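*Asks:* In this text, residue positions in the sequence shown follow the working numbering: the first is 22, and each later residue adds one.
Where a beta carbon is used, it is the ideal one built from N, C-alpha and C, also for glycine.
These figures come from a predicted structure and were not determined experimentally.
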Amino acid sequence: MPAIADHLQHNLSILFIGFNPSLRSGEVGHHYANPRNRFWQILYRAGITPHLYHPEEDGDLLELGYGFTNIVSRPTRGAEDILPEEYRQGREELRHKLSVYQPRIACFVGKGVYTQYSQRSQAPWGFQDDPVTPGIHEFVAPSSSGLVRIPLDDIVHIYSQLRERLSADE
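Shown next as structure tokens:
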């Protein structure tokens with residue numbers, strides 16, 4: 022199954038970084054397309070997007086200054102199917118993307134995404150005090166997967182810190 026195209030451009034406000042695309046996302050070619058994934062609902066409820074977007078509109082978020090990539094590009098059933106070599110290569114590629122595109126905020130959609138990227142064993146939710154990539158605010162958010170047991174309102178609250186930071190920077 023082919024990788025899903027990144028949505029990248031210079032000067033993004035937020036670059037959302039996932040583990041890897043789901044099989045459903047791979048089938049349709051859009052980010053966060055699994056119907057059980059709550060990503061689009063979370064962004065809307067947190068006030069990050071002006072209306073509820075759908076996966077097929079993922080490219081439209083570039084107009085808002087939001088982009089998409091993954092630490093691993095190969096679609097799988099779950100993150101447990103990602104191979105260690107894929108993470109190693111993905112870390113290198115992600116560091117390159119961040120250095121080239123320089124988004125204001127790198128939002129890691131899942132604590133495991135950030136720990137794989139940073140090679141740190143732990144990370145708190147929210148903005149990180151000691152970013153791996155100088156000059157970029159690194160933000161750790163819960164995964165938007167429907168399998169996550171954190172209440173949706175709590176997830177939305179964590180994501181709302183992104184909106185607050187963007188508003189404060191304007």
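Between His72, Ile63, Pro155, which lies nearest to Leu173 when the distance is taken from Cα to Cα?
*Replies:* Comparing Cα positions, the closest option is Ile63.
*Asks:* With a Cβ-Cβ cutoff of 8 angstroms, do Asn41 and Thr97 count as a contact?
*Replies:* Cβ atoms of Asn41 and Thr97: closer than 8 angstroms.
*Asks:* Short check: CB of Val177 to CB of Arg57, under 8 angstroms?
*Replies:* Result no, Cβ atoms of Val177 and Arg57 do not sit closer than 8 angstroms.
*Asks:* Look at the Cβ atom of Leu83, then the Cβ atom of Cys128, and state whether they are nearer than 8 angstroms.
*Replies:* In this structure, Cys128 does not lie closer than 8 angstroms to Leu83 by Cβ.
*Asks:* In the DSSP assignment, what residue or residues form a beta bridge with Glu185?
*Replies:* None, per the DSSP bridge assignment.
*Asks:* Look at Tyr138 and Arg109 and say whether their C-beta atoms are less than 8 angstroms apart.
*Replies:* Not a contact, by the Cβ cut-off of 8 angstroms.
*Asks:* Could you check which residue in His31, His52, Ser34, Gly88 has the C-alpha nearest to that of Ile25?
*Replies:* Cα-wise, what sits closest to Ile25 is His52.
*Asks:* Using the DSSP secondary-structure output, state which residues sit across from Asn91 in a beta bridge.
*Replies:* Paired residue(s): Gly39.
*Asks:* Is the separation between the beta-carbon of Ile92 and that of Val153 shorter than 8 angstroms?
*Replies:* No, they are not a contact pair.
*Asks:* Do Ile35 and Ile157 count as a contact pair if the criterion is CB distance below 8 angstroms?
*Replies:* Cβ atoms of Ile157 and Ile35: not closer than 8 angstroms.
*Asks:* Kindly provide the ranges of any alpha helix (DSSP H) runs that are 4 or more residues long and lie completely inside the region 128-178, ordered along the chain.
*Replies:* Entirely contained in the region 128-178, the alpha helix (DSSP H) runs reaching 4 residues are, in chain order, 132-139.
*Asks:* Can you give the Cα-Cα distance for Tyr180 and Glu106, rounded to whole angstroms?
*Replies:* For Tyr180 and Glu106, the distance between alpha carbons rounds to 30 angstroms.
*Asks:* Can you tell me whether Asp150 is buried or exposed, with buried defined as 16 or more other CB within 10 angstroms of its CB?
*Replies:* Per the 10 Å Cβ criterion, exposed.
*Asks:* What alpha helix (DSSP H) runs, 4 residues minimum, are completely inside the region 53-79?
*Replies:* Entirely contained in the region 53-79, the alpha helix (DSSP H) runs reaching 4 residues are, in chain order, 60-66.
*Asks:* Secondary structure at His31, three-state DSSP: helix, strand or coil?
*Replies:* Coil.
*Asks:* Closest to Ile171 by C-alpha separation, out of Lys132, Leu44, Asn55, Gly39, would be which residue?
*Replies:* For Ile171, the nearest C-alpha among the options comes from Lys132.
*Asks:* Of the residues Glu48, Gly80, Asp175, Gly167, which one's Cα is nearest the Cα of Leu33?
*Replies:* Measuring from the Cα of Leu33, the nearest candidate turns out to be Gly80.
*Asks:* Compute the distance between the beta-carbons of Gln6 and His31, then report whether it is under 8 angstroms.
*Replies:* Nothing about residue 6 can be read from this structure; the chain reaches only from 22 to 191.
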